[in-house]
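Numbering (my numbering), first residue to last: 584 to 812.
Notes to accompany the following structure.
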Ligand code: DC
């Protein structure tokens, strides 16, 4: 069934530029935006804080339920949305910390964790026209989305982008280390049994290796215009 509001699903592997593109697109179209990776990362942060093991599926689901996580879609917020959990706002520094990045793929592989996230993501999508970025948005979360994009880029391009981002934040990580991290996360996301990272059959696949974020956004805007016509 066609959703009541415009839904744009943007999926793809780590560091493919999903969040930059999804956030920019939402701004251009004046619609809501959520990076669902931030939800898995918030749970990873809560797990680290409470010393909950990344392989304890039941404890992780309880932790998420007990933390009273509040997600509001707010174009004025730096991320384009706000997440408050355990009484504090979860900012970019928390979400992108190395400790969080190191455990998040393990946490995101648990089916019951995913069920809890998907339920809440579907409720959020009822609020209005939305761009949602993640790994399973077009396949599982919003399978009836009018626009589905699968954004890829070569490992080399993704490493270069992530390295530039980190350098801007004053962190220097070697190309070798970043390639290993990205390839390991790709492997975990693609090989997990629950909602593995795959393009939806009706997704538009965009290889952004040689494209700027603005070029990718313009290309998606063309797909959106066609879907609305
Ligand atoms: O996009 P990201 O790097 O912030 O995602 C963090 C982790 O969460 C990554 O290992 C994949 C997982 N994830 C997921 O499984 N499903 C989503 N919809 C979003 C993220």
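For every residue, glycine included, the Cβ atom is placed at its ideal position computed from N, Cα and C.
Quick caveat: nothing in here was measured; it's all calculated off a predicted structure.
The DSSP-derived three-state label of residue 587 is coil. At a threshold of 7 Å, residue 762 does not count as near the ligand DC, since its beta carbon sits no closer than that to any of the ligand's heavy atoms.
Counting the other CB atoms within 10 Å of its CB gives residue 682 a total below 16, which places it among the exposed residues.
Placement of the Cβ of residue 698 at a distance of 7 Å or more from every heavy atom of the ligand DC is found. For residue 716, the beta-bridge partners assigned by DSSP are 593 and 618.
Between the segment 614-629 and the segment 640-655 there are three or more inter-stretch CB-CB distances shorter than 8 Å, so the stretches are counted as touching. By the Cβ-count criterion, residue 788 is exposed, with fewer than 16 other Cβ atoms from all chains shown falling within 10 Å of its own Cβ. Ranking 669, 796, 587 and 760 by CA distance to the CA of residue 736 puts 796 first.
Uninterrupted beta strand (DSSP E) stretches at least 3 residues long and entirely within the segment 659-744 occur at 664-668, 713-717 and 730-735, given in chain order. In this structure, residue 593 places its C-beta atom within 8 Å of the C-beta atom of residue 605. Closer than 7 Å to some heavy atom of the ligand DC: that does not describe the Cβ of residue 680. Between the alpha carbons of residue 713 and residue 738 lies a distance of about 28 Å.
Its Cα nearest to that of residue 659, the residue 617 stands out among 805, 596, 599 and 617. In this structure, residue 797 has its beta carbon at no less than 7 Å from each heavy atom of the ligand DC.
Apart from sequence neighbours up to five positions away, the residues of its chain that approach residue 692 with a beta-carbon distance below 7 Å are 771, 775 and 777, ordered along the chain. Placement of the Cβ of residue 691 at a distance of less than 7 Å from at least one heavy atom of the ligand DC is found. By the C-beta density criterion, residue 602 is buried, having at least 16 other C-beta atoms within 10 angstroms. In this structure residue 633 is exposed. Its beta-carbon is surrounded by fewer than 16 other beta-carbon atoms within 10 angstroms.
Looking at the backbone, the Cα of residue 588 and that of residue 707 are separated by about 12 Å.
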